[in-house]
Every structure is written in C-alpha cells, then in structure tokens.
Amino acid sequence: MSHLVEWDAWSVRWDAQQAGYLPDREQQFALMLTVVERIVGSPGRFVDLACGPGAISARAIARFPEAEVIGVDLDPFLLEMARQTVAGARFAAADLREPGWDAVLGEGPVDAVCSATALHYLAPTELAEVAQVLARRIRPGGIFLNADTMLLGPTEVPRLDAIAVQLRDEIWSASHASGIEDWQGWWTAAGEEPAFADLLAQRAQLVINRPKSREITLTDTLESFRKAGFTEVAVLGQVADKHLFAAIR
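Numbering follows the working numbering, with no gaps: position 203 of the sequence shown is 188.
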C-alpha cells in the first residue's frame, strides 16, 4: 500500500492542520528540545509519547542524531504514517491507559520524554497513572515535557477558566477562517483515500477517545507529577489554556 500513497504530502498536510490549533507549534517544538538539551545534554534515549505521525520524533532526530528515538501511540494509521515519513526512529503501538504499556520502550531508563496535543485525551486518573510509569522509566535528572491543553480549572478559577477557553476557541476560529484545514476536514479527506481503508478500519476498532468524567486541568498535571516523585514541575509557557509543562525527575 505504501507505494501508492504520497505519505510525505499527508504528513505536511497534518502539520498544517495541527498548526491551526497551535499556531506557534514549531516554536514550541524547538523550545521543548532546547530544554531537553539544557537539562540532559544530548539524550541517549528519547521518547515521543502519543506520537501520532511522529512530528516530535522527526525534529528530535534532526536535533539529536545520535539519540535512540522511540515513538509510542495507539493509532495504527498515524503510526504507519510515522514509519513511512520519519527515518531513524522506532515506532511502537501501545495504549497509555493500559497497565504495562511501557514494555514497548524496551529495557533501561530514558533521558527525555516529550508529548504534544495528545495527553488531553486521558482522564485525570489515567494521567496520574502515566506519571507514575514515567517516574519509573525516566532516569534521575531526566525530563518530561508536554505542550497541550490543560484547563485552568472550572471549579478553582471559573471566570479565568471560561476566558481562557474563549481565547483558545478564538485562536482556533481565526486559524480556520484563514483557510487552514481543521481536524475533521483532514480525517474526512483521509477517509476518501482508498489506500487508507485497511488502516482506518483498524483504527475504527480501537476506542481511542473514551468518555471521561472531566477534562484534565493544570492542577491535575502539576499534582500528578509531583506525587509521582518528579523533583521540579512547572509551566514554561502559556497561551490561554495551552501550556508547555515541564517535570524533572
């Protein structure tokens, strides 16, 4: 199937629609990797968590060519896109909500774990469990970074939370009004590509977005990583309720 599909073009199209939700996406990626470098130097083992089509993996390989880069995701379609477009990384299927998912990382600790616009799919309790796993797998002095939506807290700071959500929605609306393809549009187009039928059928059998009791808040994230044993946790950047979160093990 791969020879029938212009995977690189689909990857570029993915990056473009993602930038509609995170306009400073490339700057966020660059900042994440700069922080990794300043904390651990050149990482020996680097994990792109909930990697999708491997956007962070590709940039990590370019920045740290000697690193072992491992991408982990549940989605078989996006994993295949990653394998077809990102050379030099290993991509593995795992469900972060299931016990033992980290077996796909292989033996030994990792130096850095990065994620972007994905972990908000988890429930707060699931995020706490992922933090516990990462605390076991990241070496002392290693780092976790996540650029994602984290609500300010509809019960703790209801007015500020509501304003942040409005600002985020306005950013997205402005992006899409300018002609940038949205998430649904991208997936609709992918569904019209006959060569993707088998992978999309596999994807449809997975429960990727389970119902949650509530959305993850910034407080959930801070507390989860503190309780897991990370020595320093903080927000390095924020626009509305989009945060760049960092935790040093």
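Virtual Cβ for every residue (Gly too), placed ideally from N, Cα, C.
Bear in mind that the values here come from a model prediction, so they are computed numbers and not experimental data.
Residue 50 counts as exposed, since fewer than 16 other beta carbons sit within 10 angstroms of its beta carbon. Between the stretch 11 to 22 and the stretch 34 to 53 there are three or more inter-stretch CB-CB distances shorter than 8 angstroms, so the stretches are counted as touching. Counting only residues of its own chain and dropping the five nearest sequence neighbours on each side, residue 39 has a CB closer than 6 angstroms to the CB of 56, 67, 71. In its chain, beyond the 5 residues on either side, -2, -1, 2 have a beta carbon closer than 7 angstroms to the beta carbon of residue 171.
The three-state reading of DSSP puts residue 227 in strand, counting E and B together. In the DSSP assignment, the residues bridged to residue 202 are 136. Residue 142 sits in coil when the DSSP states are folded into three classes, being neither helix nor strand. Distances from the alpha-carbon of residue 124 to those of 25, -6, 150 put 25 closest. Across the structure, residue 198 and residue 110 are spaced so that their CA atoms are roughly 10 angstroms apart. Scanning its chain for C-beta atoms nearer than 7 angstroms, with the 5 sequence neighbours on each side dropped, one finds around residue 28 the residues 21, 49, 52, 96, 97, in chain order.
In this structure, the CA atom of residue 230 is about 27 angstroms from the CA atom of residue 62. Spatial neighbours of residue 90 in its own chain (CB-CB distance under 7 angstroms, excluding positions within 5 residues in sequence) are listed in chain order as 32, 55, 122. Counted as a single uninterrupted DSSP element, the stretch harbouring residue 53 is not any alpha helix (DSSP H) but the beta strand (DSSP E) occupying residues 53 to 58. Taking C-beta atoms under 8 angstroms as the contact rule, residue 226 and residue 134 qualify, at a distance of about 6 angstroms.
Its Cα nearest to that of residue 120, the residue 94 stands out among 14, 132, 94.
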